[in-house]
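Residue numbers (full-length UniProt numbering), protein chains in the order written: chain R, 1 to 157; chain S, 1 to 258.
Right, one structure below, let's go through it.
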Amino acid sequence: MQASIPSIVGQMIVFGAFIWFTMKFVWPPITKAMEERRQKIADGLAAAEKGARALQDASAKSEEELKVARTQAQDILANANKQAAQIVEQAKVTAQEEGARIVAKAHEDVEREVAHAREELRKRVGELAVVGAAKILKREIDTKAHADVLNDLAARV
Amino acid sequence: MASSPAEYVTHHLEHWASGKDEAFISTTAWHIDTLVVSLVLGIFFLTLFRMAAVRATSGVPGKLQNFVEILVDFVDGAVKDAFHGPRGFLAPLALTIFVWTFLWNCMDLIPVDLLPLTAKHLFGLEYFRVVPSADMSATFALSLTVFALIIVYSFKGKGAIGFAKEYLTHPFGKWMMPANVILNTVELLAKPMSLALRLFGNLYAGELIFILIALLPWWAQFIPGMGWAIFHILVVTLQAFIFMTLTIVYISMAYEHH
Chain R
1 MQASIPSIVG
11 QMIVFGAFIW
21 FTMKFVWPPI
31 TKAMEERRQK
41 IADGLAAAEK
51 GARALQDASA
61 KSEEELKVAR
71 TQAQDILANA
81 NKQAAQIVEQ
91 AKVTAQEEGA
101 RIVAKAHEDV
111 EREVAHAREE
121 LRKRVGELAV
131 VGAAKILKRE
141 IDTKAHADVL
151 NDLAARV
Chain S
1 MASSPAEYVT
11 HHLEHWASGK
21 DEAFISTTAW
31 HIDTLVVSLV
41 LGIFFLTLFR
51 MAAVRATSGV
61 PGKLQNFVEI
71 LVDFVDGAVK
81 DAFHGPRGFL
91 APLALTIFVW
101 TFLWNCMDLI
111 PVDLLPLTAK
121 HLFGLEYFRV
131 VPSADMSATF
141 ALSLTVFALI
151 IVYSFKGKGA
161 IGFAKEYLTH
171 PFGKWMMPAN
181 VILNTVELLA
191 KPMSLALRLF
201 GNLYAGELIF
211 ILIALLPWWA
221 QFIPGMGWAI
231 FHILVVTLQA
241 FIFMTLTIVY
251 ISMAYEHH
C-alpha cells in the first residue's frame, strides 16, 4: 500500500484530458440528439392532437351538410309530388273539357245532319207529291194555277 | 501454491512500479499498472461513447446509443438536481467520473490471479495490480482534481471577496474569525480526503477479501467467492455513484451562496 506522487500527477493529467474529451466530443452530440428527439416527439404529439381535432371538425361539418342535403331532398320530393298531382289534375280537367267539346260538336253535327236530311226529305216529298199529283190530275190541273196550293202542301209535309 | 499465505497476499498488494521505493508516500515510483489499466479503461470508455456520439441520431436510437443515452440522462438528471448553474462542464465531468470509476471498480470482479499471471507469463512482470481504485494514487488523483474544481467554482460562484468573506466569517460570525478559519480549512480539506479514501477503502478491502478467498482450498472457494462477487456488484456501482454524487454536491456547495 503506497501512494505515489508522480502517479497522482499523471493520473490527474489523464483525468483532465478525459474530461476535456467527454465535454467536447461525447456530451454535446448525444444531448443534442436527445433534445432533437424530444422536440420531434413533442411535435408529433401536437400534430396528432391537431389531426384529431380536424377530424372531429370535419365529421361535425359533414353531419351538418348531410342534414341540409336530407331536408333539401325532402323538399324536392314534396315539390315533385305536388307538381305531379297538379299536372294530373290539369290533365283531367283538360280531358273533361275536350270530351265535353267533342260531345257538343258531335251533337251539333248530328243536329245539322238531321236538319239537312229533313230539308232534303221535304224537298223530295214535295217533288214526289207534285209528280204524283201531276200523274193523277194529268189534264185538269194547271201547274201554274195550282202552284201555290202545291207549295203549301209541300211546306206542310 | 508455492508461497506462504502471507507472501501470497503481500505479493498481490505490490505495484508494478518504475522504481523500488518503500516510502508510504513515494515521490519517485510510478505505479505503471494503475496508469496502464486506468488508461486502457478510460480509452475504452471514451471510444465507446464517442462511437455512440458519432452515430447519434434523433430518430430511433440503436442499442449502444440507447445505453449511452440512459447514462447521459441519468448523470444529467443528477447534476440538474443538485447544481443550479451552467452544466456544460460539470455534467461531462460527472459522466467521466461515474463511468471511469465504475470501470475501475469492475476490475475487482475479474478473478484475482487472472491478469497478474497473464502479465507474468506474457510480459514477465513480477507485480501487477489490476484495480486502479484500490490504489490511492488513482483515487487521490480524482479527488485532488475535484478539490481544485471546488476552489475554482468557489471563486466563480462567489467571487474572491465573497469566498474570503465566507471563509473568514462563516459559520460563527466575524468575532470568531480564527475558529471559522480552522473549521473551514478542515471542512475544505476533508472533502478530497473523504472522497479518495472512501473509494480506495471500499475497493482495497474488496480486493483483499477476494485475495483471501483465493487462499482457500479450491473446492471451498466457489460459494464465498460468488457471494462476495454478487455483493461486490452493488459496491462497484454504489461507490462510483457516490463519488459522482458527492463531487456534484461539493461543487454546487462551493458555487452557491449559503
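All residues carry an ideal CB built from backbone N, CA and C; glycine is no exception.
In this text, all values refer to a predicted model and were calculated from it rather than measured experimentally.
key: Which residues DSSP lists as bridging H31(S), in chain order   = A17(S)
message = Residues of chain R with CB closer than 7 Å to the CB of V68(S), please, in chain order.
response = Ordered by position in chain R, the residues that pass the 7 Å Cβ test against V68(S) are I30.
ask   = Hey, quick one: how far does the alpha helix (DSSP H) through K105(R) stretch, first residue to last?
value = W27 to I136
task = Can you tell me the Cβ-Cβ gap for M34(R) and D81(S), rounded? I've got them flagged as a contact below 8 Å.
result = 18 Å between Cβ atoms; not a contact.
request  = Count the CB pairs spanning the region 167 to 186 of chain S and the region 95 to 114 of chain S that are closer than 8 Å, and state whether there are at least three.
outcome  = no
message = Using a 10 Å radius around the Cβ and a threshold of 16 neighbouring Cβ atoms, would you call M1(S) buried or exposed?
response = Any reading at M1(S) needs caution, since the residue's pLDDT is 48, under 50, leaving its predicted position unreliable; the model's value is listed next. By the neighbour-count rule (16 or more Cβ atoms within 10 Å), M1(S) is not buried but exposed.
ask   = Going along chain S, which residues have a C-beta under 7 Å from A33(R)?
value = Near A33(R) (Cβ distances below 7 Å), the residues of chain S are A56, T57 and S58.
ask   = What did DSSP end up calling M1(S) once you bin it into helix, strand or coil?
value = Residue placement at M1(S) cannot be trusted, given a pLDDT of 48 that sits under 50; what the coordinates show is reported in the next sentence. Residue state, collapsed to three classes: coil.
key: Pairwise C-alpha distance: H31(S) and S4(R)   = 7 Å
query = Is there a Cβ from chain S that is less than 8 Å from the Cβ of A3(R)?
reply = yes
query = Start and end of the alpha helix (DSSP H) containing Y167(S)?
reply = M136 to T169
ask   = For chain S, is any of its Cβ atoms less than 8 Å away from the one on G10(R)?
value = yes
inquiry  = Taking 8 Å as the cut-off, does the region 221 to 233 of chain S touch the region 187 to 198 of chain S (at least 3 CB pairs, one atom from each stretch)?
reply    = no
S252(S), enclosing alpha helix (DSSP H) - first and last residue = F222 to Y255
key: Cross-chain neighbours of S7(R) in chain S, by beta carbon under 7 Å   = Around S7(R), the beta-carbon contacts reaching into chain S at under 7 Å are W30, H31, T34, L35 and S137.
request  = Tell whether a beta-carbon distance below 8 Å holds between L142(S) and I97(S).
outcome  = Result yes, Cβ atoms of L142(S) and I97(S) sit closer than 8 Å.
ask   = Which residue's Cα is closest to the Cα of A160(S): T245(S), V249(S) and A254(S)?
value = A254(S)
query = Which residue comes first and which comes last in the alpha helix (DSSP H) that contains G201(S)?
reply = M177 to A214
query = What is the residue span of the alpha helix (DSSP H) that R156(R) lies within?
reply = From DSSP, the alpha helix (DSSP H) with R156(R) extends over A147 to R156.
ask   = Does V14(R) have its Cβ less than 8 Å from a Cβ in chain S?
value = yes
query = Nearest-angstrom Cα distance between F163(S) and S154(S)?
reply = 6 Å
ask   = What do you get for T31(R), buried or exposed, if any count of 16 or more other CB atoms within 10 angstroms of its CB means buried?
value = buried
query = Where does A3(R) fall in DSSP's three states?
reply = strand
ask   = What does I25(S) reach in chain R if we use C-beta pairs closer than 8 Å?
value = Listed along the chain, the chain R residues whose CB falls inside 8 Å of the CB of I25(S) are Q2, A3, S4 and I5.
task = Pick helix, strand or coil for S58(S), following the three-state DSSP scheme.
result = coil
request  = For G124(S), name the three-state secondary structure that DSSP assigns.
outcome  = coil
task = Pull up the distance between the alpha-carbon of G157(S) and that of E256(S), whole angstroms please.
result = 6 Å
inquiry  = Applying the 10 Å Cβ sphere with the 16-neighbour rule, what's the burial state of V88(R)?
reply    = exposed
request  = Report the option in A138(S), D108(S) and A94(S) whose CA atom is closest to the CA atom of I245(S).
outcome  = The residue asked about is misnamed: residue 245(S) is Thr in this sequence, not Ile. Checked all of A138(S), D108(S) and A94(S); the closest Cα to T245(S) is A94(S).
message = Counting C-beta neighbours from all protein chains within 10 Å, is the total for F231(S) 16 or more, i.e. buried, or is it exposed?
response = The residue in question, F231(S), is exposed, as its Cβ has fewer than 16 Cβ neighbours within 10 Å.
request  = Report, in whole angstroms, the separation of the C-beta atoms of H15(S) and I211(S), which I expect to be a contact under 8 Å.
outcome  = Not a contact, Cβ separation roughly 15 Å.
Beta carbon proximity, residue 259(S) to chain R, threshold 8 Å = Look at the range of chain S in this structure, 1 to 258, and you will see that residue 259(S) is not part of it.
ask   = In its own chain, which residues sit with a C-beta less than 7 Å from the C-beta of residue 259(S), not counting the 5 before and 5 after it?
value = Given that chain S is displayed from residue 1 to residue 258, the structure contains no residue 259(S) and the question cannot be resolved.
inquiry  = At a cut-off of 7 Å, would you count F15(R) as near the ligand FAD, judging by its Cβ distance to the nearest heavy atom?
reply    = Ligands in the displayed structure: none, and consequently the ligand FAD is not present.
query = Closest Cβ-Cβ distance between V186(S) and chain R: below 8 Å?
reply = By this cut-off, V186(S) is not an interface position.
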